[in-house]
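Asker: In order, the protein sequence lines correspond to chains R and U. The C-terminal residue of the first sequence carries number 65 in this note's numbering, and the numbering is unbroken. The C-terminal residue of the second sequence carries number 310 in this note's numbering, and the numbering is unbroken.
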Amino acid sequence: MITIVKNQMMIEQYQEVLRVTSDAITLRLKDRMLSIEGEDLKVSALTKDEILIEGQWKGLQFHEA
Amino acid sequence: MKRKELRVGMDLWEVNLQFQQLVRLVRTQNWRIYEIHNGKHGLRFYAPLTQRKQIANTLEHAHHIKTTGMLGFLIRQMRRPSRVLCVLCAIAVWWILSHTIFAVVLSGDQEESKVLISQTLQDMGYEPPFFDHDMQQMKAEIKKRLENEIAWMEVYQEGSRYHIQFTTKEFADIETLGHDQLIAQKDGVIEHFELQHGNKLVAINDFVHAGDVLVNDVLSDSSQTDQELYVKGKVYAYTWKEVHVEMEAGKLPQAFAFYQLLFEARRHASEGLHDPERIAKENILQFHDNAGTISMDLHYTLIEDITTPK
């Protein structure tokens, strides 16, 4: 599940964090991949099941795993 | 991360790891970490203090940079023994002062009872300042000691003061009426009666002598049978008194001497008078200077109860 509030994006049930840079973050979810593109992206909080991303995101892309 | 959590307190860590490695650790160790960003020597992140031991054990090369917020402040302060001592002293002073009673405030209907309670408290050892005792036990003890004097009492604490409120026990005056006649103690002319019981034998404006019966305890009914009565009351009459006062001449101007002697005479005349007895009339008979002595003679008409011996 993805929750978006203003410049925050909460992604639940992620499997793996594949790439983290200030302009792109790629995550592997249960059955697909998620790419977030934007500016000043950063991981604000990280737990076993959730990841909170903050920044000026511009686009989301889902890919087949 | 919420500002509130930072203000309460979080550890800032720096670790030389790849992001993916850190994420793996977070998932396997079930940690919560915040504000992940790149530092000088690796990734930096904030973590709750409860995870400190776990992080330090798992990431042996992790560097603890600082602790934020109030918890960080407390930890930094408590490293110095003098600060710990100060805090302990402050707690001790606060505890002692908050358990000390500095005043006992008494409020009630009679001043005499206040003095009595105050004296009882002193006897019991409750003299302010004293250490806070069991208030209910104190109340029970006072009530026990003053069970014949105090009808109701409440004790409550307000800050460092005990408030004691009370009402005094009241006793009904049970009057037993008697059959003693009212007899004139001195000569006089009857002015008025204040009589609750009895048979008047004299009337207003009658001249009476000392020893005369004024109010009798016997009254004859229509069949000339004597009925016994209670007697209670007072009989007021005009009486007379002559007063002679004198003083040495030359001490005061004559006018002052006159008034000094006049007041002295009034004081003599009104000796033994009780309300509503009073001086009815004052006549100055003589005021003269004789061989260095100023004297004054006065005649007073008094209204007084002539049935009460004085």
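Ideal placement from N, C-alpha and C gives every residue a C-beta, glycine not left out.
(1) What do you get for residue 92 (chain U), buried or exposed, if any count of 16 or more other CB atoms within 10 angstroms of its CB means buried?
(2) Mind checking the stretch 26 to 52 of chain R against chain U and listing, in chain order, the residues whose C-beta falls within less than 7 Å of any C-beta there?
(3) Which of the three DSSP states, helix, strand or coil, is assigned to residue 70 (chain U)?
(4) Return the first residue and the last residue of the alpha helix (DSSP H) that residue 57 (chain U) is part of.
(5) Among R:29, R:41 and R:33, whose alpha-carbon lies nearest the alpha-carbon of residue 36 (chain U)?
(6) Counting Cβ pairs closer than 8 Å, one from the stretch 101 to 110 of chain U and one from the stretch 158 to 167 of chain U, do we hit at least three?
(7) For residue 5 (chain R), decide whether its Cβ has a neighbour in chain U, counting only Cβ atoms nearer than 7 Å.
(8) Quick one: is residue 26 (chain U) near chain R, going by C-beta distance under 7 Å?
(9) With a threshold of 7 Å between beta-carbons, can residue 102 (chain U) be considered close to chain R, or not?
(10) Say whether the stretch 243 to 251 of chain U touches the stretch 285 to 302 of chain U, bearing in mind that this needs 3 or more beta-carbon pairs closer than 8 Å, one atom from each stretch.
(11) Report all residues from its chain with a CB closer than 7 Å to the CB of residue 192 (chain U); omit the five preceding and five following residues, and keep chain order.
(12) Taking only beta-carbon positions, decide if residue 23 (chain U) is within less than 7 Å of chain R.
(13) My output table needs one value for residue 251 (chain U): the three-state DSSP class, helix, strand or coil.
(14) Grab the span of the alpha helix (DSSP H) containing residue 93 (chain U) for me, first residue to last.
(15) Find out if the Cβ-Cβ distance for the pair residue 216 (chain U), residue 195 (chain U) is shorter than 7 Å.
(16) With distances taken from CA atoms, which of U:199, U:169, U:50 and U:41 is nearest residue 146 (chain U)?
(17) Please report how far the alpha carbon of residue 77 (chain U) lies from the alpha carbon of residue 50 (chain U), in whole angstroms.
(18) Compare the beta carbon distance of residue 185 (chain U) and residue 309 (chain U) with 7 Å and say whether it is the shorter of the two.
(19) Of the choices R:50, R:23, R:34 and R:44, whose alpha-carbon is the least far from that of residue 63 (chain R)?
(20) Of the residues U:307, U:277, U:18 and U:220, which one's Cα is nearest the Cα of residue 301 (chain U)?
Answerer: Let me lay it out:
(1) In the second sequence, residue 92 (chain U) corresponds to position 92, counting from 1. The residue is exposed, with fewer than 16 neighbouring Cβ atoms inside 10 Å.
(2) Residues 42, 43, 44, 45, 46, 47 and 48.
(3) Within the second sequence, residue 70 (chain U) is the residue found at index 70, counting from 1. Reduced to three states, the DSSP call for residue 70 (chain U) is helix.
(4) As a first step, residue 57 (chain U) is located in the second sequence; it is residue number 57 there, counting from the start. It spans 52 to 58 - the alpha helix (DSSP H) in which residue 57 (chain U) sits, taken as one unbroken run.
(5) What you label residue 36 (chain U) is simply residue 36 of the second sequence in a count that begins at 1. Ranking R:29, R:41 and R:33 by Cα distance to residue 36 (chain U) puts R:41 first.
(6) Taking a cut-off of 8 Å on C-beta distances, the stretch 101 to 110 of chain U touches the stretch 158 to 167 of chain U, as three or more cross pairs fall below it.
(7) Numbered from its first residue, the first sequence carries residue 5 (chain R) at position 5. Using a Cβ-Cβ cut-off of 7 Å, residue 5 (chain R) does not count as an interface residue toward chain U, since no Cβ of chain U sits closer than that to its own.
(8) On the second sequence, position 26 is the one that residue 26 (chain U) refers to. Taking Cβ atoms only, chain R reaches closer than 7 Å to residue 26 (chain U), which makes this a yes.
(9) Within the second sequence, the letter at position 102 stands for residue 102 (chain U). No, residue 102 (chain U) does not count as interfacial toward chain R.
(10) Using a C-beta cut-off of 8 Å, the stretch 243 to 251 of chain U makes contact with the stretch 285 to 302 of chain U, since at least three inter-stretch Cβ pairs fall below that distance.
(11) Here residue 192 (chain U) refers to the residue found at position 192 when the second sequence is read from its first residue. Beyond the five residues adjoining it in sequence on each side, residue 192 (chain U) comes within less than 7 Å, by CB distance, of 204 and 236 in the same chain, given in chain order.
(12) Here residue 23 (chain U) is taken as the residue at index 23 of the second sequence, counted from 1. Output row for residue 23 (chain U): interface = yes.
(13) Position 251 of the second sequence holds residue 251 (chain U). Correct three-state label for residue 251 (chain U): coil.
(14) As a position in the second sequence, residue 93 (chain U) is number 93, starting the count at 1. Annotation for residue 93 (chain U): the continuous alpha helix (DSSP H) segment containing it runs 81 to 98.
(15) What you label residue 216 (chain U) is simply residue 216 of the second sequence in a count that begins at 1. What you label residue 195 (chain U) is simply residue 195 of the second sequence in a count that begins at 1. Contact flag unset, no.
(16) As a position in the second sequence, residue 146 (chain U) is number 146, starting the count at 1. U:169 is the residue among U:199, U:169, U:50 and U:41 whose C-alpha sits nearest the C-alpha of residue 146 (chain U).
(17) Within the second sequence, numbered from 1, the residue matching residue 77 (chain U) stands at position 77. Within the second sequence, numbered from 1, the residue matching residue 50 (chain U) stands at position 50. When the Cα atoms are used, residue 77 (chain U) and residue 50 (chain U) turn out to be separated by approximately 19 Å.
(18) As a first step, residue 185 (chain U) is located in the second sequence; it is residue number 185 there, counting from the start. As a first step, residue 309 (chain U) is located in the second sequence; it is residue number 309 there, counting from the start. Taking 7 Å as the cut-off, the Cβ atoms of residue 185 (chain U) and residue 309 (chain U) count as close.
(19) On the first sequence, position 63 is the one that residue 63 (chain R) refers to. If we check each option's Cα against that of residue 63 (chain R), R:34 comes out closest.
(20) Locating residue 301 (chain U) in the second sequence gives position 301, where the first residue counts as 1. Checked all of U:307, U:277, U:18 and U:220; the closest Cα to residue 301 (chain U) is U:277.
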